[in-house]
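Engineer: This is the structure I have questions about; it appears just below.
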Amino acid sequence: MNASVNALEDQGGFSTAFVGDDENSTPQWLCRHDENEERVSWPIDSIVHTADDFFCYRVRGFVGEEGVLAKHLKDTADVDVIEHRSGWVYFRGEISQCSHKELLDIEGIWVFDDDIIVESIHIEDELDADVDHTIHVIELGDWVTPDLGAYKGNVGCIVATHDWGYDVAFIPRYISSIADDYAQAPLVVATRDEAHTFSGPGLAGTKPLIEDGLQILELSAKSVTIAGNIPVHILQMFASPCAHMDTNKSNSLQALVSWSLWKCPRPQEWIFSVGEEVMVQSSVQGRVIESFHAGLDVYCSYHGKVRRYGWMDIYKTFRVGEFVKILSRDNQGKLGCVQCIDDAVALDILVWPDNTREINVWRNSVASTNSPKAFVALAPDKITDRMYTGETPWQDVNVIVLPSNDRSVTTAHAYKGQVGTVLDVLLKQLGPSGIRVCVCLSRTYRATGGFAKVWLDYDEVVEESTGLPLRYCLPLRGDQIAFMPSREYRRMGNEQKNVERGKALAQEIAERLRQKSPPPPRSVTPPYAGSNEDSGTGNAWDPSAPEPITRHWCQHPTLAQRVLRVNMLGKTQPQNVRMEFTGSGCKIMHLFQTVAKEVLTPWRIIKPVEPNVHDFH
């Protein structure tokens, strides 16, 4: 038989190679000869050596089985496989007679009229196959997303590779309904290897299996794509079991997933800017140079070089007191102040503006931002510089004593509900929080020792006006990190419980003060002409005169020209004062023996004397 080879251009730019006696003979796609007949090298050789325009070929296979065919071409034939896609495998080179026979027996190859289908490709089409249609070679440990099925769009990790596809581990999810034409999935499967014995390969979703808390699904090669990013909460679920994995099970699924974390795609909520300061490998400082799919290029000051790191090896740098914005899904958009940096992964953030809740987030899930002008849970007129003055925090802050949760501690119960002023804070103390606060009680006066000073645990006091714990009301600065309550105390959530207790107690005290009977009203009879009261009230009876400005209770007009007995800061015993009105305002005079001295800032140093029981008899 005189074989002739013809190359016919088709509409797609490909030419078809077939063997026959003449052009009118029935086309046979590289017809298979009798096995007993000796065959020379495969007829594709004539094309390779005679037509310079055609030196790249593709062989037809079943859709979804391209990986099987590509693997056998690499293993059995002396060819260079370019890539496979959409039922075709692209290659260069010759296929020998022996390799040709082996290919005919491969499952997944398309056989037409007892032979395989091979097409030749132009040089420009080869480049198109190399560049435009290149498929990423998926390997063990890569992260992919399925294109079909109940887990469509979910990110999973490749835990096993096969010639037909992959075993992919997913975080188990709840599926609300199952289609009528699908059978109910088995609830229990012993092992992953046993699952492969009763289900045919390449059938996506036919082998549901839970192993080490992960859902294992079989997916064909054509049904998955490389994941571009991964949600942070999904990445945390993958990482959490690995942090507590059994080190003795080095070949376990958790060990494989833990190893694969360094190849994970970019978490969705992680945003790094060029030039941003980062920390790599928990110690080396650097700056971001460029971002790519699997990590960042970082200039390390220690090495003096630009190195590439995976996403799990890079951490943002923050300082205590820095104002940040949360980017993670659960608390996205919330603002807060960094309160504690316990490790290289997590931050404790006090949520603003309520300052009543502290959350723990991944440090890469937050970004620095400008702080608002009023970053305290106080009224605008109470925002002063005192909250950031001095190395010791919370000094001169008015507090309320809470009843202690520990019934064996009687100090807080003895002074519960009393108001005082913080004088000092001590570190490394015995107690729930590890911090003790010195409080000067304003309602407990001793004739010999003045106002009582008691040491209370940080857990037993809250701010007076808001009822919030001191750290929530006045957050710590970066240089005050030593005054942070112990980590165990913060993890127990006692501060969260004190928020409700403190607010209730502060509201109760405020209502009790409002219920006090008001002073008796002044006489409505105008004073007679020339009386001293006319000047003492600052022309109060003159309708055109401006109303006096009251900045403190001791400056109220009803107390004019009256001697009051008050407590003064720095004095161990009550003192006598008198308010005198002038034409432009009022002033408080401190009466000491025969000398009267003006008090410049009475609203800061004057407090009323609380009555004792004997005063009512």
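For the record, in the sequence shown the residue sitting at position 310 is 310 according to full-length UniProt numbering, with numbers rising by one throughout.
Glycine included, each C-beta is placed from N, C-alpha and C at the ideal position.
Predicted model, so just to flag it, every value in this text is computed and none were measured.
1. I'd like to check one pair, residue 108 with residue 68: are the Cβ atoms closer than 7 Å?
2. Excluding the 5 residues preceding and the 5 following residue 393 in the sequence, name in chain order all residues of the same chain whose CB lies nearer than 7 Å to its CB.
3. Is the distance from the Cβ of residue 118 to the Cβ of residue 166 below 7 Å?
4. In this structure, what does DSSP give as the bridge partners for residue 295?
5. Please determine if the stretch 295 to 302 and the stretch 316 to 329 are in contact, where contact requires at least 3 C-beta pairs separated by less than 8 Å.
6. Starting from residue 258, follow the alpha helix (DSSP H) in both directions and report where the run begins and ends.
7. Residue 307: which of 288, 318, 316, 317 sits nearest, CA to CA?
8. Would you identify the three-state DSSP class for residue 569, choosing helix, strand or coil?
9. To the nearest angstrom, report how far apart residue 314 and residue 263 are at their CA atoms.
10. Here's a check: name, in chain order, each residue in its chain whose Cβ is nearer than 8 Å to the Cβ of residue 62, leaving out the five neighbours to either side.
11. Using 7 Å as the threshold, is the C-beta distance between residue 562 and residue 574 below it?
12. When the distance is taken between beta carbons, is residue 150 closer than 7 Å to residue 159?
13. Compare the Cα-Cα distances from residue 620 to each of 73, 572, 435 and report the closest residue.
14. Around the C-beta of residue 143, are 16 or more other C-beta atoms found within 10 angstroms, so that it is buried, or is it exposed?
15. Beta-carbon within less than 6 Å of residue 569's beta-carbon, same chain only, minus the 5 sequence neighbours each way: which residues are those?
16. Who are the Cβ neighbours of residue 231 in its own chain at under 6 Å, not counting the five residues just before and after it?
17. I'd like the list of long-range same chain contacts for residue 215, defined as Cβ closer than 6 Å, with 5 residues on each side in sequence excluded.
18. Counting only the same chain and skipping the five closest in sequence on each side, list residues whose C-beta sits under 6 Å from that of residue 505.
19. Determine the DSSP secondary structure at residue 301, reduced to helix, strand or coil.
20. For residue 576, write down the residues that DSSP places opposite it in a beta bridge.
21. Residue 439: which of 431, 430, 419 sits nearest, CA to CA?
22. Which of helix, strand or coil does DSSP assign to residue 498?
23. Taking the CB atoms as reference points, tell me whether residue 502 and residue 467 lie closer together than 7 Å.
24. Going by DSSP in three states, residue 365 sits in which element: helix, strand or coil?
25. Mind checking whether residue 363 and residue 347 have CB atoms under 7 Å apart?
26. So, at 7 Å on beta carbons, what are the nonlocal neighbours of residue 464 in its own chain, with the 5 sequence-adjacent residues on each side left out?
27. Taking Cβ to Cβ, would you say residue 274 is nearer than 7 Å to residue 309?
28. Please return the same chain residues whose Cβ sits closer than 7 Å to the Cβ of residue 152, not counting the five positions on each side in sequence.
29. Could you tell me the alpha carbon to alpha carbon distance between residue 271 and residue 278, rounded to whole angstroms?
30. Should residue 458 and residue 442 be called a contact, given that it needs their Cβ atoms to be closer than 7 Å?
31. Measure the C-alpha to C-alpha separation of residue 499 and residue 471 and round it to an integer number of angstroms.
32. Short check: CB of residue 334 to CB of residue 326, under 7 Å?
33. Just curious, the beta strand (DSSP E) that residue 279 is in, first and last residue?
34. Determine the contact status of residue 588 and residue 599, defining contact as a CB-CB distance below 7 Å.
35. Using beta-carbon positions only, say whether residue 234 and residue 155 come within less than 7 Å of one another.
Structural biologist: Taking the geometry as given:
1. yes
2. 425, 474, 476, 480, 483
3. no
4. 292, 310
5. no
6. 253 to 260
7. 288
8. coil
9. 13 Å
10. 87, 108, 109, 110
11. no
12. no
13. Outside the modelled stretch of the chain, which goes from 1 to 617, sits residue 620, for which no answer is possible.
14. buried
15. 605
16. 268
17. 170, 172
18. 400
19. coil
20. 565, 591
21. 419
22. helix
23. yes
24. helix
25. yes
26. 398, 399, 400, 419, 506
27. no
28. 146
29. 12 Å
30. no
31. 11 Å
32. yes
33. 277 to 280
34. yes
35. yes
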